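In full-length UniProt numbering, the protein residues as written are 1 to 223.
For glycine and all other residues, C-beta sits at the position ideal for the given N, C-alpha and C.
These figures come from a predicted structure and were not determined experimentally.
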Amino acid sequence: DEPPVFSRPISASYPPYQATGPPNTSYMPGMPGGISPYPSGYPPNPSGYPGCPYPPGGPYPATTSSQYPSQPPVTTVGPSRDGTISEDTIRASLISAVSDKLRWRMKEEMDRAQAELNALKRTEEDLKKGHQKLEEMVTRLDQEVAEVDKNIELLKKKDEELSSALEKMENQSENNDIDEVIIPTAPLYKQILNLYAEENAIEDTIFYLGEALRRGVIDLDVF
Numbered sequence: 001d002e003p004p005v006f007s008r009p010i011s012a013s014y015p016p017y018q019a020t021g022p023p024n025t026s027y028m029p030g031m032p033g034g035i036s037p038y039p040s041g042y043p044p045n046p047s048g049y050p051g052c053p054y055p056p057g058g059p060y061p062a063t064t065s066s067q068y069p070s071q072p073p074v075t076t077v078g079p080s081r082d083g084t085i086s087e088d089t090i091r092a093s094l095i096s097a098v099s100d101k102l103r104w105r106m107k108e109e110m111d112r113a114q115a116e117l118n119a120l121k122r123t124e125e126d127l128k129k130g131h132q133k134l135e136e137m138v139t140r141l142d143q144e145v146a147e148v149d150k151n152i153e154l155l156k157k158k159d160e161e162l163s164s165a166l167e168k169m170e171n172q173s174e175n176n177d178i179d180e181v182i183i184p185t186a187p188l189y190k191q192i193l194n195l196y197a198e199e200n201a202i203e204d205t206i207f208y209l210g211e212a213l214r215r216g217v218i219d220l221d222v223f
């Protein structure tokens with residue numbers, strides 16, 4: 001007699017495997033969706049432990065690995081029948097990777113732009129402070145210029161007054177005798193002034209006579 005053969009429903013399908021990266025070549029697919037043979041007289045193992053190997057007798061090879069249990073006849077999540085990942089999964093993975101890279105670059109650019117903006121703000125504040133200082137300096141210079149102009153006008157007036165006073169004094173000195181200008185307030189002061197003038201005159205005369213004798217202008221008898 002032929003041993004009984006248990007197989008899964010052919011209509012069972014496998015949805016695409018939801019992976020976040022490119023396919024891994026070291027990945028070992030699960031039990032293929034074909035016929036899963038068992039030894040004669042034993043039903044499928046429902047406890048989740050590995051099933052017994054059986055030589056290949058159908059279109060699908062039997063697995064010999066003890067790391068994967070036999071699959072019950074239900075729909076599971078796994079790779080496609082040929083062991084590859086669908087294009088939609090690869091596209092989603094690539095889109096996710098590109099999005100992460102773009103997000104990282106965008107954050108880097110935003111940080112750099114924010115740093116430049118902060119530097120520009122500090123520069124703007126420094127320029128505003130410098131502009132305010134310059135305005136204060138210009139205002140102070142305008143005040144000093146106005147004060148200097150006022151002092152110049154005042155000095156011009158004083159110079160005119162001094163010029164008038166000097167001209168007046170020169171006219172008086174030309175018209176008046178110095179002896180008549182100096183008049184003591186009392187007779188005693190006048191006597192003292194006359195004696196002082198005579199003494200100075202005698203001293204000047206003796207001095208000039210001595211110089212003339214020394215230079216040989218006059219002789220000793222004349223001296």
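Annotation for Leu-193: Ile-182, Pro-184 place their beta carbon closer than 8 Å to its own, counting only its chain and skipping 5 residues before and after. Within 10 angstroms of the beta-carbon of Thr-205 lie fewer than 16 other beta-carbons, which makes it exposed. Per DSSP, the unbroken alpha helix (DSSP H) holding Pro-187 starts and ends at 187–215. Here Thr-123 is exposed. Its C-beta has fewer than 16 other C-beta atoms within 10 Å.
Lys-129 and Leu-155 have their C-alpha atoms roughly 39 Å apart.
Counting every other CB atom within 10 Å of its CB across the protein chains shown gives Thr-89 a total of 16 or more, marking it as buried.
According to the DSSP assignment, Ile-178 belongs to the alpha helix (DSSP H) that extends over 178–181.
Separation of Ile-85 and Ala-92 (C-alpha to C-alpha, rounded to the nearest whole angstrom) is 11 Å.
Ser-164 and Val-145 have their C-alpha atoms roughly 29 Å apart. Assigned with DSSP and collapsed to three states, Ser-86 falls in coil, not helix or strand.
Here DSSP, grouped into helix, strand and coil, assigns Ile-218 to coil.
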